[in-house]
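Engineer: Protein chains in written order, with the working numbering: chain A, 2 to 233; chain D, 32 to 1412. From the three backbone atoms N, C-alpha and C, an ideal C-beta is built for every residue, glycine too.
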Amino acid sequence: MIAAWVDGEPIGRDAVDAELRALYSGPGGHALPVPHTAEGRQLRRWVVQVLAIRMLLAHEAQRHGLPGSGAIPGADRAALGSIAAAALAGSPCAAAVFAHVTGTVTVSPSDVDAYRQANPELSAEPARLVRHVRAGRPVNGGRPYRMRRTDLLGDKVFAAPLGTLVTAGTDTLEVVDTVAEHSPDLTAQLLAAARFRAFARWLDVALRDRVALAPGSEHPADPAQPDHTHRH
Amino acid sequence: MPLRIATIESTDLFVGPPDAPQQVLRVTVSGSDGAPLAVDATVTTAAGVETTTQAAPTSQTAGTAVFEVGVVVDGPVGATVPVTVTVRCGGQTAQGFGEIVVAEPGWTVHMVSHFHYDPVWWNTQAAYTSQWDALPGTAQRHREPWQHTGFHLVRTHLDLARRDPDYRFVLAEVDYLKPYWDSHPEDRDLIRRLLAQGRLELMGGTYNEPNTNLTSAETTIRNVVYGVGFQRDVLGGDPATAWQLDSFGHDPQFPGMMADAGLTSSSWARGPFHQWGPMMRTAAGHDNLITDASAMQFPSEFEWISPNGRGLLTHYMPAHYSAGWWMDSAATLAEAQEAVLRLLRLLRPAAATRNVLLPVGTDYSPPNKWITEIHRDWNSRYTWPRLVCSLPRDFFAAVRARLTSPSPQTRDMNPIYTGKDVSYIDTKQAQRVVENLLIDAEKWATLAGLHGHARYPVEAFDRAWRLLVYGAHHDAITGTESDQVYIDLLGGWREAHDLALTVHSAAIAHLGERIDTTGPGRALVVFNPSSWDRTDVVTVESAQPGRIVDAGGAAVPSAVSGNGLTFLARDVPSLGYQTFRLLPATTAEERWVEVSGEVVATNHFYRVTVDPARGGTVSSLIELATGRELMRDGLVGNEILVYDEYAEHPEFHEGPWHLLPTGGPVAASGARQADSVLVERSAAGERVTVRGSVGPVRYTQVLTLWHGLPRLDCVTRVDEFTGSDHLVRVRWPIGVPGGLPLSEVANAVVARGFAHPDVDTARHPWTLDNPAYRWFGSGTTARVTVTDPATASTGHRAIGVAEVIVTDAESAALLGRPVTVALVRAGVTATCTTASAPRYGRIDIDSNLPDVRIAIGAPERNALTARLLAADLGAATQFAHQLATAGTARVWLPASTALENAWTPDADLTGLRDLPVLLIAGADRDGDATAVADLVADLADACIEVRSVPVPAGPFEDRTVAILNRGIPGFAVTADGALHLSLLRSCTGWPTGVWVDPPQRTAPDGSAFALQHWTHEFEYAVTSADGDWRTGGITARAHDFNHPLTGIVAEPHAGPMPATAALLTVSPEAVLTTLKAAGDPLAAGGGTEATGPRNGMIARIYEPHGRTAEVKLKGPKLSVTGSCDLLGRPLGGWSGTLEPFEIRTLALTAEPHPVETQVEIGPRAEPVQPVYARYWLHNKGPAPTGNQPVSVHLHRRDRTVEVTVASDLTESTYDGTVWITAPEGWAADPCERPVRLAPGGWTRFTVDVVAGEAAGPGVLTARLDHAGSTVEDVLPLGDARHELTTSLVVDEETGNLTLRLENLAEYAVHGEVHVVSPWGTWRMLSPHAQGFDVGAGETTCLRIDVSVPDAATAGTWWAMAKVMWYGRIAYTEAVRLVVAP
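1. Short of 6 angstroms in beta carbon distance, which residues of its chain neighbour residue 663 of chain D, apart from the five on each side in sequence? Order them along the chain.
2. List the residues that DSSP assigns as beta-bridge partners of residue 801 of chain D.
3. Under 8 angstroms: do the segment 451–458 of chain D and the segment 505–525 of chain D share three or more Cβ pairs, one atom per stretch?
4. Do residue 50 of chain A and residue 229 of chain A have their CB atoms nearer than 8 angstroms?
5. Which of the residues in the segment 173–187 of chain D, read from start to end, lie with their CB under 9 angstroms from any CB of chain A?
6. Identify whether residue 1133 of chain D lies in helix, strand or coil by the three-state DSSP scheme.
7. Kindly indicate which three-state DSSP category residue 176 of chain D falls into: helix, strand or coil?
8. Using a Cβ-Cβ cutoff of 8 angstroms, what residues of the segment 1025–1046 of chain D are near chain A? List them in chain order.
9. Kindly list, in the order they appear in chain D, the residues whose Cβ is closer than 7 angstroms to that of residue 84 of chain A.
10. Among D/1125, D/530, D/886, whose alpha-carbon lies nearest the alpha-carbon of residue 1178 of chain D?
11. Determine the DSSP secondary structure at residue 1107 of chain D, reduced to helix, strand or coil.
12. Does any C-beta atom of chain A lie closer than 8 angstroms to the C-beta of residue 92 of chain D?
13. Within 10 angstroms of its Cβ, does residue 1150 of chain D collect 16 or more other Cβ (buried), or is it exposed?
14. What ranges does the alpha helix (DSSP H) occupy inside the segment 1167–1238 of chain D, keeping only unbroken runs of at least 4 residues that lie completely in it?
15. Out of D/370, D/744, D/207, point me to the one whose CA is closest to residue 1055 of chain D's CA.
16. Buried or exposed, going by whether 16 or more other CB atoms sit within 10 Å of the CB of residue 1038 of chain D?
17. List the whole-angstrom C-beta distance separating residue 231 of chain D from residue 200 of chain D, where the pair is believed to meet the contact cut-off of C-beta under 8 angstroms.
18. Taking beta-carbon pairs under 8 angstroms, can you tell me which members of the segment 24–38 of chain A lie near chain D?
19. Do residue 293 of chain D and residue 1156 of chain D count as a contact pair if the criterion is CB distance below 8 angstroms?
20. Just checking: is the beta-carbon of residue 230 of chain A within a distance shorter than 8 angstroms of some beta-carbon in chain D?
21. Tell whether a beta-carbon distance below 8 angstroms holds between residue 174 of chain D and residue 83 of chain A.
22. Can you tell me where the alpha helix (DSSP H) with residue 73 of chain A in it begins and where it stops?
23. What is the DSSP secondary structure of residue 95 of chain D, reduced to helix, strand or coil?
24. Would you mind sorting residue 125 of chain A into buried or exposed? The rule is 16 or more other CB atoms within 10 Å of its CB.
25. Considering only residues of the segment 353–439 of chain D, which uninterrupted beta strand (DSSP E) runs meet the minimum length of 3 residues and lie entirely inside it, listed in chain order?
26. Give a yes or no on whether the C-beta atoms belonging to residue 1065 of chain D and residue 806 of chain D are separated by under 8 angstroms.
27. With 8 angstroms set as the bound, which would you pick, yes or no: does the beta-carbon of residue 52 of chain A sit closer than that to a beta-carbon of chain D?
28. Counting only Cβ pairs nearer than 7 angstroms, list the residues of chain D close to residue 133 of chain A.
29. Just to confirm the assignment, what range does the alpha helix (DSSP H) spanning residue 821 of chain D have?
30. In chain order, what residues of the same chain have a beta carbon less than 8 angstroms from the beta carbon of residue 898 of chain D, not counting five sequence neighbours either side?
31. For the beta strand (DSSP E) containing residue 1067 of chain D, name the first residue and the last one.
32. With a threshold of 16 other CB atoms inside 10 Å of the CB of residue 1087 of chain D, please say whether the residue is buried or exposed.
33. Is it the case that the Cβ atoms of residue 1170 of chain D and residue 340 of chain D are separated by a distance below 8 angstroms?
34. Within a Cβ cutoff of 7 angstroms, which residues of the same chain sit near residue 213 of chain A, ignoring the five residues on either side of it in sequence?
35. Among residues of its own chain, excluding the 5 on either side of residue 529 of chain D, which ones have a beta-carbon nearer than 6 angstroms to its beta-carbon?
36. On the three-state DSSP scale, how would you describe residue 213 of chain D?
Printed below as a string of structure tokens:
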């Protein structure tokens, strides 16, 4: 009995059963739906899709002569979906195929500039190192701490030259130093998002063109299959 | 091959300027040298209009190219216009002939990106909010492909908004918003910026998506208090739309309440139609999964109107809230665009304007991958339709701009998902009792602050209400949750119960201390929470029972059970108290005495007879005042019925939220002999107790008639239940002949249709059960009385659910609205349709059915009237005669068959005379308006007078029977007059039994908790009255049944308050539903210092009978100063007039009097400190006591640790210190960090954490103090795993429970323990919550006291302990809890 075909190569129901057995007997298996109910059949469908993507990745690696490269355990599930994320996490060809498919994706400096300008809160935030005495008692054992502009007395501290004292009520703050805060790598952020998006697009088309599903193995979200009934 | 036109295809797309759009023709052209690259095209219409375009191909295949050519067309939409197309390319010309079907320009699809998040369903709050990916085991990866946690989703949507300036989206439920807002404060600036830019809209105005048809109106009002409080006041949004996507039906008063709270629209997907709406069918047996929306009888944008006449512009989602999500699976942009266009075409038939809202999102879904690409690409190519990434506010603004007369709909948006009324019935019982107790606790606490010196316990009330609001979620109160979620929710109801009871008792005790109780013996002070003088039974717990006398010294009969003393307290003043005397017992004890002979109980009002041979069912119930037998001929009442159910529906698979009988009852208690029958009498009343077995149920039923009370109190106790896929109902065949089902809803009463409880749901899926608030019954809410003008003979027909048919959209607003409003004020809900629309009345489409039609307008204006009169010469003659003589006509056309015959499980009532029709008309449009005005005036007495023939021939009795309930909402009244009350069920369908955090726990017998295999006690009462439910005062009886009197025993002492007093009196025409201190500061980040009755109060009242009423409120030390909205915002003065079913909130001030020392009557903070900042990881529901307005969170960022501190305070600055503590062997710097935050402010700082040589595993903690609480977050360091083993042991000697906690970690662990046990046991197990602190490798034991009250009934329940620490949870096995007989 065949559950699906990838590039014409069959995935047997026994492979699906084995994967399901592992899930049910693994940790958290008790929370899975009862087999042979609608939800149980949905789980089976989910597993078929995962296996199909794994096979697709293997075929793709073979087709392009990509070396075994390891899985991608923490793929962006929101960009790819739980099925693809699970497949990438369980495929030894995942990293190589991902790199192959997304290798040409780039982000231009002007994209990054536009992104930075549209999102001022992503810019690095300056900080000051202060030593604080409150009501005569040294705060934090007399050791300085880092402060943001929006913090307690931040405006005064940021206006004060290094080495001077800022006082307010019973608080005395010595401005010890300026601190450069780490700024996020916006290029890396944009590039990662673009790569996952490109991979998702590739995968969508590849699945459409190269995977055939047997009755009972339809995608769980396919509204035409009879167990897709939980629309809430 | 020469240039050739292959095909000419008409589209519904437009290009060109918006005000002069050109309809697009798709022309496929082949050329001599392959596909042409460009053409000059000229299109000439039959009228000679010529449009010329230079076009580039939109797509190409071998040898052919497709060109889109704009054409100026003129003609009515839908008309076919012949066209001639001429193309020129490279000197060649080709011509073709085709047709354009004239399309309508101007359409806009508002694609609204949303995700629907439930904090609880089959998975837990912790998992759904943030931990789904972190749960143990690969099995947790399985889920719908798109599903993510709330946190992940907010992050993902925000990230896309950052990258893509075209992206717009909505956020909604406070259940994830507040945790995100507090734990990710670094996104506050971004969120505020997106709100300001109009790219983010906060939806709901409510805390969550509650099932308002299963809670009180007050719980719904608090839901919006907490929703708007957070979304508007704390977060800075502008919530305008009651976004109730998934709620399983809606309370009829919901739109009015939301309008009164200042919301301006609503939108949702469930109500008027079954399951997924009028467009979708389940898969099996339906080739066409989705059809267009033309089955709808009214537009998808309409005015949804409450019984009180207040309305809200509403968008119903005909293709459900996920409609647009599915294009996410499109592999290309073009396919995704085609999917959107297809939905537009399907939705268009129902749209009221040329705007369609397309919800693009589904359960826990990330941003749709195509939405902004469609937005950019499509609108750059076409003028119409526009496909825009939009927000609901933009959609509603566009609708409002066009729709001046929205279709008026008062129709009942029920019953969706009948199983929701019964599954996990104990949570519904708990909800009802606790909300009433809490409402009464607020009243007494207010009065204790006004007349005494109790501090208003704002923190306790706030926490209790938020727990109830959380539990009102549509996957919580509905019983659709998994077992583990049920256990978590049960803890919330218990905590709310304990808080309400604590404050209630303390407030009454405080008042009791102020009352002058001097006199003989001891004082028995009886408190009445109703806003009318009341006579009712009260039970007082007293260690020393005695003889009771009233203030005048007259003996008051009583009855003793255990240490409970029950007596009839007469005329206890409105929201006040009366003092009786408890004298040492001098006469025979007032015990219940067994009597032999007839199995009968009697009081002044009823005589009930029980038949032991028929299971102890009721064989006779006689209303003594009239001598009337209420039981239908030969039938028995109070009969327990057991039904077999499918585990999941054979076709649409779902389980717990549907009732799934396989047919009629498979067992009935009346079919066999009762095991025992006991008849007892006491001075206070008479009762019959029967015991027996039926199917999987062993039961005890107690029927009590208290002397002086016009009701039969019933208790059905299910002593043992072993059912699996069984449903248990109780049946009373006492329906009034000619009567219709009546149902109280939140602060109103409406009629509802007959049900089909005995169908096989595989064949007939819809049983039409409904949820009642506190009572349902049989009788008349409105009627048509027809008098034969010649003979003066009359006949009556009760009406309950109407279809009002008007000419067109304009007349719907002008004529339909006044009629539907007048009808609904009389309890008759209505669907307003136009004559050309599909008729209402098909059970395969509609979620409910009508029993009458009202057609407005003469035949020339109303095609339905024309058809009716054409087919009925007699009626036509009468109609014409009335018009000629009076200028208006009102004619009654009886149905062709009796309602009970037409109302079948596969009913199609859309035939011309399937239902009776009332024709209303004038000679012209003005005449129609006059006829409508006459009808509206006539409806003031809920009786429509008609003079025509024939008069209705069916039976009609002007009386009412009703069953009052305490948290058993599910009811079904069959056409043969049987009143069914659903008690409980044991559905095994998914997600029953699902348990997420291992090890799996079950009830002691190994069954899933959903099966409810323990003792249950169901309380209800049968009552009756002559006349309708208004005359009979049924709502007041149900109110009193749900708000018991409270009595306390007090030693004699002097006091400033008199022995008997009314503290607040409301005219009997209104019901007081709330009296509380003004303001809900903790909902909105405010301080509690100024909140107390002496700084202002609010009283909420409503008109219960659908009549205009003049109402006065008065009470010592207070006065009414004006009116406010539901959120307490002042509205100005108040005339004293209540409109029918109006809910009115009044501002009250206290007379100034000296402030004394304040006495605490409720807790201000969590009982267990410190409070874990990430409360959702403990599945504890809403934020802790105080609403955690200041929080601290630890975050691992690569190799450093970051601390964020965030304030939700909106009025005051937070000034405090964060204390960081490193585990042994580790160093953290800073360890002390002063923090001052402006209102709404936040900060962050890094902590350098260094492991010393001796560093082992441990946890880093961060703490801060605010408002009497310490908030703590922890972060594991090293190899910290927080292992704790738990076991619950029963002490055989004392019966107490001991929780043994063994800490396997190499460091100390502290946390919190809750005892969890079902409804019915909460007073037996204490404390509910306690803290623990256990050292490394050590074991500690915590005691849970078990105490059984003297009056406790025997039964079998269970208890478990839930242990929570550092974001971890463990549940012990459930131990059996037995109260032996």
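Structural biologist: According to the data block:
1. Answer for residue 663 of chain D: 764, 1008, listed in chain order.
2. Beta-bridge pairing links residue 801 of chain D to D/1002.
3. Segments in contact, yes.
4. In this structure, residue 50 of chain A lies away from residue 229 of chain A, with their beta-carbon atoms at least 8 angstroms apart.
5. Taking 9 angstroms as the Cβ-Cβ cut-off against chain A, the residues of the segment 173–187 of chain D that qualify are 173, 174, 175, 176, 177, 178, 179, 183, 184, 186, 187.
6. DSSP places residue 1133 of chain D in strand when its eight states are reduced to three.
7. Residue 176 of chain D: coil per DSSP, three-state reduction.
8. Against chain A - using a Cβ distance shorter than 8 angstroms - the residues of the segment 1025–1046 of chain D are 1025, 1026, 1027, 1029, 1030, 1031.
9. Within 7 angstroms of the CB of residue 84 of chain A, the CB atoms of chain D belong to 176, in sequence order along the chain.
10. Shortest Cα-Cα distance from residue 1178 of chain D to any of D/1125, D/530, D/886 involves D/1125.
11. Under the three-state reduction of DSSP, residue 1107 of chain D is assigned to strand.
12. For residue 92 of chain D, the answer is no, since every Cβ of chain A falls outside 8 angstroms of its Cβ.
13. Around the C-beta of residue 1150 of chain D, fewer than 16 other C-beta atoms lie within 10 Å, and the residue is accordingly described as exposed.
14. Whole alpha helix (DSSP H) segments, 4+ residues: zero.
15. Here the closest residue by C-alpha is D/744.
16. It is buried - the Cβ of residue 1038 of chain D has at least 16 other Cβ atoms within 10 Å.
17. For a cut-off of 8 angstroms, the C-beta gap from residue 231 of chain D to residue 200 of chain D is around 6 angstroms, short enough to register as a contact.
18. Closer than 8 angstroms at the C-beta level to chain D, one finds these residues of the segment 24–38 of chain A: 24, 25, 27, 28, 29, 30, 31, 32, 33, 34, 35, 38.
19. Yes.
20. Taking 8 angstroms as the threshold, the shortest C-beta distance from residue 230 of chain A to chain D falls below it.
21. Annotated as proximal: residue 174 of chain D and residue 83 of chain A, with beta-carbon spacing under 8 angstroms.
22. Here residue 73 of chain A belongs to no alpha helix (DSSP H), and DSSP marks it neither H nor E.
23. Correct three-state label for residue 95 of chain D: strand.
24. Exposed, by the Cβ-count rule.
25. Counting only runs of 3 or more residues that sit fully inside the segment 353–439 of chain D, the beta strand (DSSP E) segments are 386–391, 417–421, in chain order.
26. Less than 8 angstroms divides the Cβ of residue 1065 of chain D from the Cβ of residue 806 of chain D.
27. Residue contact check for residue 52 of chain A against chain D: no CB pair falls below 8 angstroms.
28. Simply 1265.
29. Where residue 821 of chain D is concerned, there is no enclosing alpha helix (DSSP H), because DSSP gives it neither an H nor an E.
30. So the list reads 943, once near-sequence residues are dropped.
31. Not the beta strand (DSSP E): residue 1067 of chain D falls in the alpha helix (DSSP H), residues 1065–1073.
32. Exposed.
33. Result yes, Cβ atoms of residue 1170 of chain D and residue 340 of chain D sit closer than 8 angstroms.
34. Contacts found: 5, 6.
35. So the qualifying residues of the chain are 1359.
36. The answer is helix: DSSP assigns residue 213 of chain D an H, G or I state.
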